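Numbering (the working numbering), first residue to last: 67 to 320.
Here it is in structure tokens:
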């Protein structure tokens, strides 16, 4: 077999099994504004973006950031046109290393009554998919709590023999999950992402006997984490600061 010598060697990169999210329209519009319609944002254009009041960046770091992103992409990127592509710009905006949050910890006053705050709320927190035929499970509840969701909604219904409680989306084909399993998961994962209170809202479709069974189940599983008001004439809830690591039960029978 003969040997061949080549003057140039071209290398190509290829991605396997990787699908990155497309930059949203607002990011695309911002890139086009500062890149002035070009396919790349130069270091100088990126510097102007960092100097904008809403960017809160350090313009002096523009060259360093551009070069760091280009080096992260590998040696082939260094041979291409200098600057940031739309994908590079999108990566920068959401990179915790290149663009860390200004405040990673809660820095607001959390001593006002609970009703004074917006609360990260889940809806039909137990559903794994659509509201008509998907499975009910504690897995979506766990994922929600890991994301920092503070309100978990549970629809409670009698089981087929009317002697126990199930969670499901009523009058649909969704498959049920037991209330006990969901309560145990809430107790375990309630405060992994945040120490602030978790609110369980119960959409109650039970008979009085089953409501009593739920009350016993809740008190046994949640124990000391369950919040009890000091008075039945509560005008306002305590503050999130006061309610740290507590679980609040909210329910109104139909």
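Just so you know, even glycine gets a beta-carbon here, dropped at the ideal spot from N, CA and C. Quick caveat: nothing in here was measured; it's all calculated off a predicted structure.
Whether residue i touches residue j by CB criterion (7 Å)
{"i": "residue 216", "j": "residue 185", "result": "yes"}
{"i": "residue 317", "j": "residue 270", "result": "yes"}
{"i": "residue 192", "j": "residue 222", "result": "no"}
{"i": "residue 89", "j": "residue 152", "result": "yes"}
{"i": "residue 367", "j": "residue 265", "result": "No answer is possible for residue 367: the residues shown for the chain start at 67 and end at 320."}
{"i": "residue 280", "j": "residue 208", "result": "no"}
{"i": "residue 227", "j": "residue 198", "result": "no"}
{"i": "residue 194", "j": "residue 204", "result": "no"}
{"i": "residue 310", "j": "residue 287", "result": "no"}
{"i": "residue 109", "j": "residue 132", "result": "yes"}
In DSSP terms, what residue i is bridged to
{"i": "residue 107", "result": "150"}
{"i": "residue 317", "result": "268"}
{"i": "residue 202", "result": "193"}
{"i": "residue 98", "result": "Partner(s): none; residue 98 has no beta bridge."}
{"i": "residue 296", "result": "Paired residues: none, contrary to the question."}
{"i": "residue 220", "result": "268"}
{"i": "residue 307", "result": "According to DSSP, which records beta bridges pairwise, residue 307 is partnered with nothing at all."}
{"i": "residue 238", "result": "Partner(s): none; residue 238 has no beta bridge."}
{"i": "residue 233", "result": "222, 243"}
{"i": "residue 187", "result": "217"}
Expected contact under 8 Å - CB spacing of residue i and residue j to nearest Å
{"i": "residue 164", "j": "residue 158", "result": "5 Å"}
{"i": "residue 303", "j": "residue 180", "result": "4 Å"}
{"i": "residue 107", "j": "residue 307", "result": "The Cβ separation is near 43 Å, so there is no contact."}
{"i": "residue 128", "j": "residue 113", "result": "4 Å"}
{"i": "residue 305", "j": "residue 210", "result": "About 23 Å; that fails the 8 Å criterion."}
{"i": "residue 327", "j": "residue 283", "result": "Given a span of 67 to 320 for the chain in the structure shown, any question on residue 327 remains unanswerable."}
{"i": "residue 273", "j": "residue 224", "result": "7 Å"}
{"i": "residue 235", "j": "residue 190", "result": "6 Å"}
Close-in-space but distant-in-sequence residues of the same chain around residue i (CB under 6 Å, 5 per side omitted)
{"i": "residue 187", "result": "217"}
{"i": "residue 117", "result": "125"}
{"i": "residue 268", "result": "220, 222, 317"}
{"i": "residue 93", "result": "156"}
{"i": "residue 172", "result": "none"}
{"i": "residue 278", "result": "none"}
{"i": "residue 260", "result": "214"}
{"i": "residue 263", "result": "309, 312, 314"}
{"i": "residue 298", "result": "none"}
7 Å Cβ shell around residue i - same chain, five flanking residues per side excluded
{"i": "residue 122", "result": "168"}
{"i": "residue 81", "result": "Annotation note: pLDDT 48 at residue 81 (below 50); position unreliable, no value reported."}
Sequence-distant residues of the same chain with beta carbon closer than 8 Å to residue i, five excluded per side
{"i": "residue 301", "result": "none"}
{"i": "residue 111", "result": "100, 101, 102, 149"}
{"i": "residue 285", "result": "292"}
{"i": "residue 162", "result": "none"}
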